[in-house]
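Enquirer:
Below is the structure:
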């Protein structure tokens, strides 16, 4: 029957032979012991070392991973999950619906590619998912003899290096990219944490490679900041009126100052010119207007601990380490009357687009990638394959309901929640901003409905996994700002793991504290009623735990941490951990029957009901919300509630939709229309196309800088790895001499100027080599002779410096040379990045002169890069020949 099912689908048939092979291996592997399975995996490693070819090993490796998963986690990969693993190994994107087990699928290609001993990176969108996946899936890897690594925010360089050297490393996109940038700023090889890239699997690949692709990741240094200008510019906005002094372009998130506005501001500031290059005010004013008109509290950012914290518009999460650039962040701080932090200068930067293209082998997973397939193919050369679901999808997507205004829409959402909740059907409501989630919460309060709120506020983020996991409980109402990358399955009837953890935490902490303080029999404690329903074995293990001195010394926080981690560990390492794991299993069995009953009840009610409160700019984000229901064959329903003044309709809907709506909507009744649905889809496509063109434009420009970046980083790594840089120093000196002679040959400068330049740079007197005449040096020497004379003088000066430095110890000169070169490479690269930013802004205006800005940028970027190399040579030689050790 399995074979027939596979052959009914042409996509499955593509991998039919491999799946048959894997299933044949599975039957044989079941009879082997654990150690024999590990020996099989070691043999595969040896085979790869001999052949350097993974293809013949795919079937057996996948079968070994499947069997290891079954033995450690009790999870056996479905055939469709095998297809997902094969797609990932083929360097493609696997689109798998929510709940289909993407985390487990990644173990298949990870184990296969780990056979190379070159490392596998599995990239997740946040630390929680990285830690969770490394803990759970790590059991499979360790069973097969692989070691696993985990990169966390607070790790030292030594810890990072150790974890990156593991066979399989879990890491966030953020940490990985910044480690790459920091590696390419290191002054010592010991500070480099990453080894050469091999294979990467990106979870939520559309979120990372598309949604975040437009924001470069930057390491920056603080600069002197004009705090007063930010404050004054913010105050000026109180005297400006929209459409009179400035115009707002919401589509492009920009503001345009009118002539009247410019005059008004110049009058307020008592200055002649806003654009005066010696004292420019225009960037401060523009950013202040943007901060007030386009960036809203509890929408684009929140205020936390007297700081502006950006909210990710795609995931609804806060990004505490991100800051808006070009003075915008400081302008928002001034608007909110917060301390203004220093502006920064870019020391190193890269976009996700160019970073992930550094991997020789790249793949990704997502639940919503097909709508962006063109972009994946054009920029990353990644095609998207839709993986069939293990069970038929039963989700019902109802037509959108469109209301005439916001008030009618939100009232209808609250009424719908009241009706559905009265029957007990769980509801998940997706909002687009923190502000709207809190407004809806207030509306539900008026109906006396209980709910859980999940948005970027810190008090809600701490309970994220618990809130999401319990969103499927009977009668639950969950309000969330976007649902991308939440990483926790919504189980109908509720997730008993969190219930068990909470109850056992209460039992253990109260009982322990009672024993420590009262020194009385535990049966006399307030928990006595709870024990009456517990089994004798449960009580026996609990009493033995309460007599364990190591357990009694644990804090409440320690107990909470253990409860969250113990159920993920297959083999506990201490006696009290064994006891806690047993108590968890006992409570889980107790609650399992209750959860199964609740699951059936919720299914009969129709499953999880998804309510979207607004169409997002991207269809992918809408689909991510819809995908939270009807997992693994469960029933579910989704519906979007919209209004005429939603951003998408207002900005991109077009005049036809507005006219149609005005004529059709005469009261508060909603409207369903195929025309409107098509129009909304069309509007989203236009927004997605705009966003794609912006990202493509960024990629085209950044590709030029990326080529230069690769040259710099290659040059830098070569210097870092080399034992001696004398060859580089001599090459720099020879090139400088050649450049000087080239200028002399063109007779652009005089003898005295040439030799003064040489003497100032190399620090040596050359008067003995020429006569004080107006004749060119080339009349006294031919070009080859002059070059030999000058190079010999440079070489003698350099050798003299080496002898001077070697007095202080071995390798002093080599280390000094390396440091001088690296420091100056970094310094000049920073200056080059600033020039490239200014160039990018400047060439944009040339389009008005019928010139291609990208071509102009490419051409001038080449000359700037040549100047950078020339400057580097001069600065390194100058610094080295004047260096001293005190």
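Numbering (the UniProt record's numbering), first residue to last: 1 to 886. By construction, the Cβ of each residue, glycine as well, lies at the ideal position given by its N, Cα and C atoms. Please read all numbers here as calculations on a predicted model, not as lab measurements.
Taking contact to mean at least 3 C-beta pairs separated by less than 8 Å, is the segment 620–638 in contact with the segment 596–612?
Expert: yes
Enquirer: Should residue 116 be counted as a contact of the ligand GDP given a C-beta to heavy atom distance under 7 Å?
Expert: This structure lacks the ligand GDP; in fact it carries no ligand of any kind.
Enquirer: Could you round the C-beta distance between residue 63 and residue 22 to whole angstroms and report it? I think they count as a contact, below 8 Å.
Expert: In the chain shown, residue 63 corresponds to position 63, counting from 1. In the chain shown, residue 22 corresponds to position 22, counting from 1. Residue 63 to residue 22, Cβ: 5 Å. Contact.
Enquirer: Among 214, 425, 260, whose alpha-carbon lies nearest the alpha-carbon of residue 700?
Expert: For the purposes of this step, residue 700 is taken as the residue at position 700 of the chain shown. Considering only alpha carbons, the answer is 214.
Enquirer: If residue 67 sits next to residue 18, beta carbons under 8 Å apart, how far is it from one beta carbon to the other, in whole angstroms?
Expert: Position 67 of the chain shown, counting from 1, holds the residue named residue 67. Position 18 of the chain shown, counting from 1, holds the residue named residue 18. Between residue 18 and residue 67 the Cβ distance is about 16 Å, and since that is not below 8 Å, they are no contact.
Enquirer: Quick check: the Cα distance between residue 25 and residue 836, rounded to an integer number of angstroms?
Expert: Within the chain shown, residue 25 is the residue found at index 25, counting from 1. Within the chain shown, residue 836 is the residue found at index 836, counting from 1. Cα to Cα, residue 25 sits roughly 56 Å from residue 836.
Enquirer: Between the alpha carbons of residue 222 and residue 541, how many angstroms are there, rounded?
Expert: Indexing the chain shown from 1 puts residue 222 at position 222. Indexing the chain shown from 1 puts residue 541 at position 541. If you take the alpha carbons of residue 222 and residue 541, they lie about 58 Å apart.
Enquirer: Report the three-state DSSP secondary structure of residue 252 (helix, strand or coil).
Expert: Reading the chain shown from its first residue, position 252 is the one you call residue 252. In the structure shown, residue 252 sits in coil (DSSP, three-state: anything other than H, G, I, E or B).
Enquirer: Counting only the same chain and skipping the five closest in sequence on each side, list residues whose C-beta sits under 7 Å from that of residue 256.
Expert: Sequence index remark: in the chain shown, residue 256 carries index 256 (1-based). So the qualifying residues of the chain are 246, 247, 249.
Enquirer: In the structure shown, what three-state DSSP assignment does residue 136 receive?
Expert: Position 136 of the chain shown, counting from 1, holds the residue named residue 136. Of the three classes helix, strand and coil, the one that applies to residue 136 here is helix, per DSSP.
Enquirer: Find out if the Cβ-Cβ distance for the pair residue 469, residue 495 is shorter than 8 Å.
Expert: As a first step, residue 469 is located in the chain shown; it is residue number 469 there, counting from the start. As a first step, residue 495 is located in the chain shown; it is residue number 495 there, counting from the start. It is a contact, given that the beta carbons lie within the stated cut-off.
Enquirer: Mind listing, in chain order, the continuous alpha helix (DSSP H) runs of no fewer than 4 residues lying wholly within the UniProt domain "Helicase ATP-binding" (83–241)?
Expert: 102–105, 107–114, 127–143, 157–164, 173–183, 227–236
Enquirer: Once the 5 residues before and after residue 173 are set aside, which same chain residues still bring their CB inside 6 Å of it?
Expert: Residue 173 sits at position 173 when you count from the first residue of the chain shown. Excluding positions up to five away in sequence, the list reads 123, 208.
Enquirer: Would a C-beta distance cut-off of 8 Å place residue 293 and residue 332 closer than the cut-off?
Expert: On the chain shown, residue 293 is found 293 positions in, with the first residue counted as 1. On the chain shown, residue 332 is found 332 positions in, with the first residue counted as 1. Going by C-beta atoms, residue 293 is not nearer than 8 Å to residue 332.
Enquirer: Does residue 345 come out as helix, strand or coil in the three-state DSSP assignment?
Expert: Numbered from 1 along the chain shown, position 345 holds the residue referred to as residue 345. Reduced to three states, the DSSP call for residue 345 is strand.
Enquirer: Can you tell me whether residue 13 is buried or exposed, with buried defined as 16 or more other CB within 10 angstroms of its CB?
Expert: Position 13 of the chain shown, counting from 1, holds the residue named residue 13. Burial is judged here by how many other beta carbons sit within 10 angstroms of a residue's own beta carbon; residue 13 has fewer than 16 and is exposed.
Enquirer: Check whether the segment 432–444 and the segment 705–717 touch, using three or more Cβ-Cβ pairs below 8 Å as the test.
Expert: no
Enquirer: Measuring alpha carbon to alpha carbon, tell me which residue in 111, 555, 868 is nearest residue 120.
Expert: Looking up residue 120 in the chain shown gives position 120. When each option's Cα is compared against that of residue 120, the closest is 111.
Enquirer: For residue 579, which of helix, strand or coil comes out of DSSP?
Expert: Taking the chain shown and counting its residues from 1, the one referred to as residue 579 is at position 579. Looking at residue 579 - three-state DSSP - the assignment turns out to be helix.
Enquirer: Pop quiz: residue 86 and residue 15 are said to be a contact at Cβ under 8 Å. What is the actual Cβ separation, rounded to whole angstroms?
Expert: By 1-based counting over the chain shown, the position of residue 86 is 86. By 1-based counting over the chain shown, the position of residue 15 is 15. Rounded to the nearest angstrom, the Cβ distance from residue 86 to residue 15 is 5 Å, consistent with a contact under 8 Å.
Enquirer: Do residue 622 and residue 687 have their C-beta atoms within less than 8 Å of each other?
Expert: Looking up residue 622 in the chain shown gives position 622. Looking up residue 687 in the chain shown gives position 687. Cβ distance not < 8 Å, so residue 622 and residue 687 don't count as in contact.
Enquirer: So who's on the other strand from residue 365, going by DSSP bridges?
Expert: Here the question's residue 365 lines up with position 365 in the chain shown. DSSP lists 94, 203 as partners of residue 365.
Enquirer: Give the secondary structure of residue 296 by DSSP, where H, G and I count as helix, E and B as strand, and everything else as coil.
Expert: Within the chain shown, the letter at position 296 stands for residue 296. Three-state result, residue 296: coil.
Enquirer: At 3 residues or longer, and completely inside the segment 366–433: list those beta strand (DSSP E) runs for me, N to C.
Expert: 384–386, 394–397, 401–403, 427–431
Enquirer: Can you tell which of 787, 845, 176, 280 has the C-alpha that lies nearest to the C-alpha of residue 743?
Expert: As a working note, residue 743 is residue 743 in the chain shown. Out of 787, 845, 176, 280, 787 has the C-alpha closest to the C-alpha of residue 743.
Enquirer: Where does residue 2 land, buried or exposed, given buried means 16+ other C-beta within 10 angstroms?
Expert: As a working note, residue 2 is residue 2 in the chain shown. Only weak support exists for where residue 2 lies, its pLDDT of 43 falling under 50; the value from the coordinates is given anyway. Residue 2 is exposed by the Cβ-count criterion.
Enquirer: Could you pull the start and end residues of the alpha helix (DSSP H) that residue 853 belongs to?
Expert: If you number the chain shown from 1, residue 853 lands on position 853. For residue 853, the enclosing alpha helix (DSSP H) has its first and last residue at 853–881.
Enquirer: Who are the Cβ neighbours of residue 703 in its own chain at under 8 Å, not counting the five residues just before and after it?
Expert: Counting from 1 along the chain shown, the entry for residue 703 is found at position 703. Same-chain partners within the cutoff: 354.
Enquirer: For residue 813 and residue 312, what's the separation of their Cα atoms in angstroms?
Expert: The residue labelled residue 813 in the question sits at position 813 within the chain shown. The residue labelled residue 312 in the question sits at position 312 within the chain shown. If I take the Cα positions, the gap works out to 49 Å.
Enquirer: In the DSSP output, which residue or residues are listed as bridge partners for residue 677?
Expert: Looking up residue 677 in the chain shown gives position 677. DSSP output for residue 677 lists no bridge partner at all.
Enquirer: Would you decide whether residue 217 is buried or exposed? Buried here means 16 or more other CB atoms lie within 10 Å of its CB.
Expert: Mapped onto the chain shown, residue 217 falls at position 217. Residue 217 is buried by the Cβ-count criterion.
Enquirer: If residue 203 and residue 369 are in contact, beta carbons under 8 Å, what's the gap, nearest whole angstrom?
Expert: As a working note, residue 203 is residue 203 in the chain shown. As a working note, residue 369 is residue 369 in the chain shown. Contact flag wrong, Cβ pair sits at about 12 Å.
Enquirer: For a cutoff of 8 Å on Cβ pairs, would you count residue 503 as touching chain B?
Expert: Of the protein chains in the structure, only one exists, and it is not chain B.
Enquirer: For residue 733, list the residues DSSP reports as bridge partners.
Expert: As a position in the chain shown, residue 733 is number 733, starting the count at 1. Bridge partners of residue 733: none, in fact.
Enquirer: Expressed to the nearest angstrom, what Euclidean distance is found between the alpha-carbon atoms of residue 811 and residue 330?
Expert: Position 811 of the chain shown holds residue 811. Position 330 of the chain shown holds residue 330. Distance between the alpha carbons of residue 811 and residue 330 is about 46 Å.
Enquirer: What residues in its chain sit with their C-beta under 8 Å from that of residue 393, if we drop five residues either side in the sequence?
Expert: Stepping through the chain shown from its first residue, residue 393 is reached at position 393. Around residue 393, the same chain offers 97, 630, 633 as residues with beta carbons nearer than 8 Å, after the five sequence neighbours per side are excluded.
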